[in-house]
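Right, one structure below, let's go through it.
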Amino acid sequence: MGLPKPVENWARKTDAAEGEWAREAVDSWARDMTFSRPFSWGDAEAAVLARDYPPLPGSFVVRLVGVVAWVLIALMGLPTLGGAVVGFAVIAAAVAQDSQAAADVWLSPATILYGFGVISVGSYLSIWWQTRRRSPVTLVISGTSTLAAAASWVMLALSPFTAEGWLPLLIIATTVIGTATFLLDAFSKPEGRPKNRKPPRRGPKGDKRTRAMKARQRLLEVVVHRRLVDLDEADRIRVGEMPLGYWNELDGLSEREWRRVLERRHVGWREFDAKGGNPVPTATKTETETETEEV
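When you read off a place in the sequence shown, starting at 1, and then add 234, the result is the number in the working numbering.
If you want it as structure tokens, here you go:
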């Protein structure tokens, strides 16, 4: 199933405009620049990062759409991410009522909210399980959800009203899963465990980073066209996909090491994928140690 026609046309025009932007921004210096011999990938990338490029075409519209999208996502995600916190407020309103019937009016939506609370802390536990990396977002959400759930349980236990159905179980589940997620995240390292580490971010951030990536990609096309490097199509794609600021790790490599970096998408001890940063599987420890000894 393809994209809607208007979106597809917009994407095609955007790609063409960005390609023209990259040619105008890079070719003016890259086509005539004297690069070192042998070619230094680190120096070439440093030359890209040293320049201040004009904004990408349509960058203001893209940023505006991004802000609107994030606001909408935040509004839609509030019941899920803040389910336990909102549920706590609803339960507080329930225990303030004068009768069981009046309290039940509030306890019914609290059940739904704590269902969202379980989904929220469960999702962040799943994320931690994949990355094994400390995240401030996970700490805040799991911590506040746990506190809200525990406080809700105490309020219900001390109130004269009875919470029936799934609500007590959902509150307990939110408390248990939230506590586990918070503790696991708190005792994890910010960079994650070795096999899940990702390259620390280098270079500019935000829109400047996007411009630098576009410029670096165009520089790669120029140096290939000038025959300063000899790359086949597969290697060209892999070099272009490397995280920004890591081209220097391609310098001084033997053919065997070059293949290891690009084919296994391995930067030093850090792995990278097409998005330039997320972990992907590589060789087993035994294979890695064996190849290191052979080299």
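Glycine included, C-beta positions come from ideal geometry on N, C-alpha and C.
Source: prediction; values computed, not measured.
Do G276 and W492 have their C-beta atoms within less than 8 angstroms of each other?
In this structure, G276 keeps its C-beta atom at 8 angstroms or more from the C-beta atom of W492.
Taking only the alpha-carbon atoms, compute the straight-line gap between L462 and F273 and give it to the nearest angstrom.
Taking the straight line joining both Cα atoms gives about 7 angstroms.
Do D469 and L496 have their beta-carbon atoms positioned less than 8 angstroms apart in this structure?
In this structure, D469 lies closer than 8 angstroms to L496 by Cβ.
Inter-residue Cα distance where the pair is K423 and A303
K423 and A303 have their C-alpha atoms spaced approximately 31 angstroms apart.
Whether or not the segment 434 to 449 and the segment 337 to 352 are in contact is what I'm after, with contact meaning three or more pairs of Cβ atoms, one per stretch, closer than 8 angstroms; do they touch?
With the cut-off at 8 angstroms, the segment 337 to 352 and the segment 434 to 449 do not touch.
Residue range of the unbroken alpha helix (DSSP H) whose run includes Y287
First-last for Y287: undefined, no H or E at that position.
For the structure I just gave you, are there three or more beta carbon pairs, one from the segment 376 to 387 and one from the segment 402 to 412, closer than 8 angstroms?
Touching, yes.
Just confirm the distance between the C-beta atoms of A328 and A337, as a whole number of angstroms; I'd bet it's less than 8 angstroms.
About 4 angstroms separates the beta carbons of A328 and A337, which is inside the 8 angstroms limit, making them a contact pair.
Inter-residue Cα distance where the pair is F395 and I346:
Using only the alpha carbons, I get a separation of about 18 angstroms.
Got a sec? Which residues, its chain only, sit under 7 angstroms from F322 by beta carbon, not counting five neighbours each side?
These residues qualify, in order along the chain: A382, A385 and S386.
Rounded to a whole number of angstroms, what is the C-alpha to C-alpha distance between W263 and E489?
A direct Cα-to-Cα measurement between W263 and E489 gives close to 30 angstroms.
Exposed or buried, which one is P240 when buried takes at least 16 other CB atoms within 10 Å?
Taking all protein chains in view, the Cβ of P240 is surrounded by fewer than 16 other Cβ atoms within 10 Å, so the residue is classified as exposed.
Same chain only: Cβ atoms within 6 angstroms of L484, ignoring 5 sequence neighbours per side
W275, listed in sequence order.
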